[in-house]
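J.:
2 protein chains.
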Amino acid sequence: MTAEGRPVSVGRRGRRPGTSTSRQAILEAARARFASDGFAATTIRRVAADAGVDPSLVMQFYRSKNELYAAVMSISPDTLASLSTAFEGPDERLGERVVRAYLGVWEGGADSESLMAMLRGAITNEQASAQLREFIQARLLDGVRSRASDRHDAALRAGLASSMLVGVTMGRRIVGVPIIASADVETLVALVAPAIQSVLT
Amino acid sequence: MTAEGRPVSVGRRGRRPGTSTSRQAILEAARARFASDGFAATTIRRVAADAGVDPSLVMQFYRSKNELYAAVMSISPDTLASLSTAFEGPDERLGERVVRAYLGVWEGGADSESLMAMLRGAITNEQASAQLREFIQARLLDGVRSRASDRHDAALRAGLASSMLVGVTMGRRIVGVPIIASADVETLVALVAPAIQSVLT
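Those protein sequence lines, which keep their order, are chains X and S.
Here the first sequence is numbered in my numbering, starting from 1 and rising by one per residue.
Here the second sequence is numbered in my numbering, starting from 1001 and rising by one per residue.
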């Protein structure tokens, strides 16, 4: 009911009937499957079967298992993409791009609360932790475009840089140490970007 | 009872009667006082009054409020000292000293489980988080020996370096991403020490 006492109109949805129901069924099937089988063992085909839809519909909605997992965690494809994109491109100012991308999505972005919830979940719940570690491992290995011989080294470097930046966010937002939390973004970039550059290159 | 059926002897204690009781009373009073008033507002004098002992006895047992808080968290003075000491001394190889000290106490040291429990507690419990942030803030500011004008900058740098290293430990031991968890110590030192050096100097 509105304040005036009229019944609230549900209004017209932007999508044709059935689409949002299918999306919801896919998300629920994916959440259950990731929880029971873990991220690595879950397949798009299996989630589609659980949801009673065709696998192509899952791909049409979510494009990849990574994005499906992110959607289950209420994290948008844009947020995933901005983290991945920062690691690409020339080495020059790589550290700065990565630091700005992390601070952007973890501290101010639309999904910062979802990211924080995902991290807290992994810290307090072994099942959530197992899913997250498999997801991160897959993303680290997928994200590396170098030759096979350097692939492990590049993925380790990206993983360490990411861990260090999540550590900074924890110091600022989860533990909330005043001297770290009150530092402005430009000060952080100036102090941290050369360090991240050195880990990555 | 032993396997042979003899009663277990309590044996002679190394301390005179009453000492372990006083220690226990002080620790319990400190735990309650840190929880109710926070780390910053708690005083040795107040803990002594709560425990019914003289403040000098608290100082004799624990030497400082920092060490008393650490004792409440089951962390030894040696562990605290090894973290502080790493930041002292010449700039040369400072990053390496700090990385080795962190990996030593967080991953292999006698108190690594206590440190992990303290971190998990702060992540899941707002009261524990408030205590820990005040403790870290005080340690960061106390640990800095430079001139007043640079004190804030030096404390911020030490706080960021510590956050980054706790982030690496989280990636390895709490989330447990395989590619990060399986890296050996010398590989980590080679990749991370130059980054920590750059944040600190």
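C-beta: ideal position from N, C-alpha, C; glycine also.
Remember, it's a predicted structure, so these values are computed and weren't measured experimentally.
1) When you compare the CB of residue 133 (chain X) with every CB in chain S, is at least one pair closer than 7 Å?
2) If you run the structure through DSSP and keep just helix, strand and coil, what is residue 1059 (chain S)?
3) Would you mind listing the alpha helix (DSSP H) stretches within the region 1102–1189 of chain S that are 4+ residues and don't spill past its ends, in chain order?
4) Which chain S residues are close to residue 137 (chain X), counting only those with a beta carbon under 8 Å from its beta carbon?
5) Do the region 1041–1054 of chain S and the region 1096–1105 of chain S meet, that is, are 3 or more Cβ pairs less than 8 Å apart?
6) Assuming residue 77 (chain X) is part of the alpha helix (DSSP H), what are its boundary residues?
7) Are residue 1101 (chain S) and residue 1083 (chain S) closer than 7 Å when you measure CB to CB?
8) Within 7 Å of any Cβ in chain X, is that where the Cβ of residue 1118 (chain S) sits?
9) Cα separation between residue 53 (chain X) and residue 129 (chain X)?
10) If you count every other CB in all the chains shown that lies within 10 Å of the CB of residue 185 (chain X), and 16 or more means buried, which is it?
11) Out of S:1126, S:1139, S:1122, state which residue places its alpha-carbon closest to the alpha-carbon of residue 1068 (chain S).
12) Out of S:1112, S:1199, S:1028, S:1055, point me to the one whose CA is closest to residue 1157 (chain S)'s CA.
13) Taking a contact to mean a Cβ-Cβ separation below 7 Å, would you say residue 1126 (chain S) touches residue 1039 (chain S) in this structure?
14) The alpha helix (DSSP H) that contains residue 92 (chain X), what's its start and end?
15) Put residue 37 (chain X) into one of helix, strand or coil per three-state DSSP.
16) Between the C-alpha atoms of residue 1079 (chain S) and residue 76 (chain X), what's the straight-line distance to the nearest angstrom?
T.: Answer, in terms of the structure:
1) yes
2) helix
3) Whole alpha helix (DSSP H) segments, 4+ residues: 1112–1124, 1126–1142, 1148–1169, 1178–1181.
4) 1177, 1178, 1179
5) The region 1096–1105 of chain S and the region 1041–1054 of chain S do not touch, with fewer than three beta-carbon pairs separated by less than 8 Å.
6) 77–87
7) Yes, the Cβ-Cβ distance between residue 1101 (chain S) and residue 1083 (chain S) is below 7 Å.
8) no
9) 28 Å
10) exposed
11) S:1139
12) If we check each option's Cα against that of residue 1157 (chain S), S:1199 comes out closest.
13) With contacts defined by Cβ atoms closer than 7 Å, residue 1126 (chain S) and residue 1039 (chain S) do not form a contacting pair.
14) First-last for residue 92 (chain X): undefined, no H or E at that position.
15) helix
16) 42 Å
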